[in-house]
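The next block holds one structure in the form of structure tokens; read it before the comments.
Number of protein chains: 2
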Amino acid sequence: MPRTRVHNMLISLDGYAAGEQVTFDAPIGGADRLFDWFDGRAIHGVDQADDPITLDRALTSMWGQGIGAEIMGRRKFGPQTGDWPDDGWRGWWGEEPPFHTPVFVMSHHPQATMEFSDGTSFHFVDGTPQEVLDLAQRAAGDLDVRIGGGPSTLRQFLQADLVDFMHLAIVPITLGRGVRLWEGLRGIEGRFTVETVVSPSGLTHQFWNKNN
Amino acid sequence: MPRTRVHNMLISLDGYAAGEQVTFDAPIGGADRLFDWFDGRAIHGVDQADDPITLDRALTSMWGQGIGAEIMGRRKFGPQTGDWPDDGWRGWWGEEPPFHTPVFVMSHHPQATMEFSDGTSFHFVDGTPQEVLDLAQRAAGDLDVRIGGGPSTLRQFLQADLVDFMHLAIVPITLGRGVRLWEGLRGIEGRFTVETVVSPSGLTHQFWNKNN
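One line per chain: the protein sequences are A and G, in this order.
At position 102 of the first sequence (counting the first as 1) the number is 102 in the working numbering, and the numbers step up by one without a gap.
At position 38 of the second sequence (counting the first as 1) the number is 38 in the working numbering, and the numbers step up by one without a gap.
This is the structure in structure tokens:
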């Protein structure tokens, strides 16, 4: 059975997984320390990085395994709000987005699909988490769907009980402000079996598998 | 730079990584407890198993990432010794070997190459570890080469200092007899940086990255 998966969700000790204000100059909205701390990702496979293969890199390499589509929130795609301006924006990644699959961007404001030569396409869709997941699953076929974040998008899918697997990486810093992943999710651990692993780097990795 | 990698090398607390006598009935030569203990492999990706995605499965999923060829010892291919009999043997895996790449089987006794529809081919080659690695690297192109074992084959490549990365999984059992991985390798840890991670399952995972 295809799963709905979350990978490499970085979160601070005080529960923040993104910054508050996303702008063109600050794509991570002031939560840069979360991403700067952990520069060891190998999302396209451990063979794709020349760096040593550490636990952290090994775990981030799950990101693309058997994924046929991603769902993301609008702020992961760009900083614009309201109607989409005619500004030629094609996402933070320029002409080489790393996804290589259809990506469903949740937005109340429609715009035309964007295609890239590497297999990535951005589809702008309005709907409930279940409706958007249905679209993504149809696009993914036999493969899994990844919920790509940010945290407020992920939170909607967790509230709707649509997540089968989640890999969290707890970064040993306090951010003090930002977007809280766990808001409104009191007791959610009861729906999952949680495995916790400490990395020599200082990260704590968690594997959340939904109970049957 | 392509690497020479080792994955999912299971080893007992007392240092054994295979049994002594490999026969048609006992492919693992009496070290079955090593493999039985750890049935959580997901070598073709975490999406390929319906089981929960645990640390152990996440780590075994590195096995095929960016691998373009494997090298294995003769006993990993079959229990025969001496000249190859005309018995139609095509490996322990029947018509569906899991490799999906060229595989170089080290043997002093030549026989014709075997091809499979899934991309696997077995090439029987005689030579030093460096000579066989050269062949495998040519076949792999830009991709990495995996040393697939068993332990005596791996030991030859370690002695010749040809291994760039090794993922060991130490199984919390004592076998008392079998093939020792570490024989003749006193002080080898000095050539590597070793990261050790304890799994909630009871396994201890190690990541050996060769020092520059």
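Note that the Cβ used here is the ideal one computed from N, Cα and C, for glycine as well.
With DSSP as the reference, please indicate the residues paired to residue i in a beta bridge.
{"i": "A:G73", "result": "A:M106"}
{"i": "G:M1", "result": "DSSP output for G:M1 lists no bridge partner at all."}
{"i": "A:S117", "result": "A:S117 pairs with nothing; no bridge assigned."}
{"i": "G:W208", "result": "G:M166, G:V194"}
{"i": "G:R33", "result": "DSSP output for G:R33 lists no bridge partner at all."}
{"i": "G:H123", "result": "G:F104"}
{"i": "G:M9", "result": "G:L168"}
{"i": "A:I173", "result": "The partner list for A:I173 (beta bridge, DSSP) is empty, contrary to what the question assumes."}
{"i": "G:A18", "result": "G:V179"}
{"i": "A:I67", "result": "A:D144"}
Quick test of your reading: residue i and residue j, contact by CB under 8 Å. State the CB separation rounded to the nearest angstrom.
{"i": "G:F165", "j": "G:V6", "result": "7 Å"}
{"i": "G:I170", "j": "G:L13", "result": "7 Å"}
{"i": "A:R146", "j": "A:I28", "result": "Actually they are not in contact, since the Cβ atoms of A:R146 and A:I28 sit about 19 Å apart, beyond 8 Å."}
{"i": "G:D86", "j": "A:M1", "result": "The Cβ separation is near 45 Å, so there is no contact."}
{"i": "G:T62", "j": "A:S107", "result": "Here residue 62 of chain G is Met; the residue named in the question, Thr, does not match the sequence. 36 Å between Cβ atoms; not a contact."}
{"i": "A:R3", "j": "A:D144", "result": "5 Å"}
{"i": "A:S121", "j": "A:P102", "result": "5 Å"}
{"i": "A:V132", "j": "A:I71", "result": "6 Å"}
{"i": "G:I173", "j": "G:W89", "result": "Incorrect: roughly 31 Å between the Cβ atoms, too far for contact."}
{"i": "A:E20", "j": "A:R177", "result": "6 Å"}
{"i": "A:G73", "j": "A:G149", "result": "7 Å"}
Compute the distance between the beta-carbons of residue i and residue j, then report whether it is under 7 Å.
{"i": "G:F104", "j": "G:V125", "result": "yes"}
{"i": "G:L175", "j": "G:P151", "result": "no"}
{"i": "G:V197", "j": "G:H205", "result": "yes"}
{"i": "A:F35", "j": "A:P79", "result": "no"}
{"i": "A:N209", "j": "G:P200", "result": "no"}
{"i": "A:H109", "j": "A:D83", "result": "yes"}
{"i": "G:A18", "j": "G:V179", "result": "yes"}
{"i": "A:A58", "j": "G:L154", "result": "no"}
Which one of the options has the shortest CA to CA distance from residue i?
{"i": "G:G184", "options": "G:M9, G:Q130, G:E131, G:L158", "result": "G:L158"}
{"i": "A:G202", "options": "A:E131, A:D56, A:G64, A:A160", "result": "A:D56"}
{"i": "A:K76", "options": "A:G119, A:M9, A:E195, A:N209", "result": "A:M9"}
{"i": "G:H167", "options": "G:P52, G:G64, G:G19", "result": "G:G64"}
{"i": "G:Q156", "options": "G:E115, G:G15, G:G127", "result": "G:G127"}
{"i": "G:A69", "options": "G:G190, G:P172, G:Q137", "result": "G:Q137"}
{"i": "G:A31", "options": "G:R41, G:G45, G:Y16, G:H44", "result": "G:Y16"}
{"i": "A:G190", "options": "A:N211, A:G148, A:A139", "result": "A:N211"}
{"i": "A:G119", "options": "A:G91, A:G45, A:E20, A:E96", "result": "A:E96"}
{"i": "A:G45", "options": "A:T54, A:F38, A:W37", "result": "A:T54"}
{"i": "G:R33", "options": "G:I43, G:I11, G:D47", "result": "G:I11"}
{"i": "G:V163", "options": "G:A140, G:P129, G:G141", "result": "G:P129"}
{"i": "G:D142", "options": "A:D39, A:Q111, A:Q48", "result": "A:Q48"}
{"i": "A:Q111", "options": "A:T81, A:G94, A:A140", "result": "A:T81"}
Going by DSSP, what residue range makes up the alpha helix (DSSP H) through residue i?
{"i": "A:L133", "result": "129-140"}
{"i": "G:L154", "result": "151-159"}
{"i": "A:R41", "result": "No alpha helix (DSSP H) contains A:R41, which DSSP labels as neither H nor E."}
{"i": "G:D56", "result": "55-60"}
At which residues does the beta strand (DSSP E) containing residue i begin and terminate?
{"i": "G:R146", "result": "144-147"}
State yes or no: is the C-beta of residue i nearer than 6 Å to some heavy atom of the ligand FMN?
{"i": "G:V46", "result": "You won't find the ligand FMN in this model; it holds no ligand whatsoever."}
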